[in-house]
Amino acid sequence: MQWIAKLFGSRDEEALPLYNEVIVRARQPHWYEAGGVPDTIDGRFDMVATVLSFVLLRLEGDPVAAGPSAKLTERFVDDMDGQLREIGIGDIVVGKHIGKMMSMLGGRLGAFRDATTPAELDAALVRNLYRGAAPDAAALAHARDSLLALRESLAATPTGALLAGQLP
C-alpha cells in the first residue's frame, strides 16, 4: 500500500498534527501584540521558525523522534513552498528561497540551542526573531519568557504526546 502513496505522490501525514499545532502556536496574537513581533509575512515566518525550532530542539535528543522530526521539517518545507507559490514566487526561484529559509531555520536551531541563559536567549531573539531590530524591553521579555515557558513545558511532555500534536 505504501508504494501506491509513493507512486501517486501522497504525503506522509505522520507529522501533520504536530506541524499544525506549531502553526497554531506561532499565530497566537500575544507574539505580535505583547511580544512585538511584526505582523508581516517575514514576522510570521520568523515566529513559525522560532516555535518550530523549540519543538525540534526538544525532539533532537530522543532517538524515537528522529524520523518524525525529519518529517516535521519536511512538512515545514512543503508549507513554505506552498506559501511562496501562493504569494506569487515563480518556480525558477522557489528553490533558492526554500534554501534560504532552511538556512534561517538552521541558524535558529543553533542559536537557540546555544542560548543557555536568559541574556543569551535575548541576544538570539534579537538576531533571529526580530532580525536585528530589538523591540522595547517589555516586548523582548514577553517573547523570551513565553519561549522559556514553552521550552520547559516541551521538556515535561512525553515524546509520544508531542508527536501526536499535543503541544503543552
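For the sequence shown, the numbering used here gives the first residue as -12, with consecutive numbering after it.
A virtual CB, placed ideally from N, CA and C, is assigned to each residue, including glycine.
CB-CB length for ALA98 against ARG114, believed under 8 angstroms: With 8 angstroms as the limit, ALA98 and ARG114 qualify as a contact, their Cβ atoms being about 7 angstroms apart.
Does the contact criterion of 3 or more C-beta pairs under 8 angstroms hold for the region 133 to 143 versus the region 36 to 49? Touching, yes.
What is the DSSP secondary structure of LYS(-7), counted as helix, strand or coil? Reliability of the predicted coordinates at LYS(-7) is poor, the pLDDT of 45 falling under 50, and no value is obtained from them.
First through last residue of the alpha helix (DSSP H) which encompasses GLY30: Counted as a single uninterrupted DSSP element, the alpha helix (DSSP H) harbouring GLY30 occupies residues 28 to 46.
So with Cβ pairs under 8 angstroms, would you call GLU61 a contact of chain C? No chain C appears in this structure, which consists of one protein chain only.
Just tell me which of MET89, SER90, LEU127, MET91 has its CA closest to the CA of GLU107. Comparing Cα positions, the closest option is LEU127.
As assigned by DSSP and simplified to three states, the class of PRO155: Note: PRO155 maps to coil in three-state DSSP.
I'd like to know whether the C-beta atoms of THR165 and ALA53 end up nearer to each other than 8 angstroms. An answer regarding residue 165 cannot be provided, because it is not within the stretch -12 to 155 covered by the chain.
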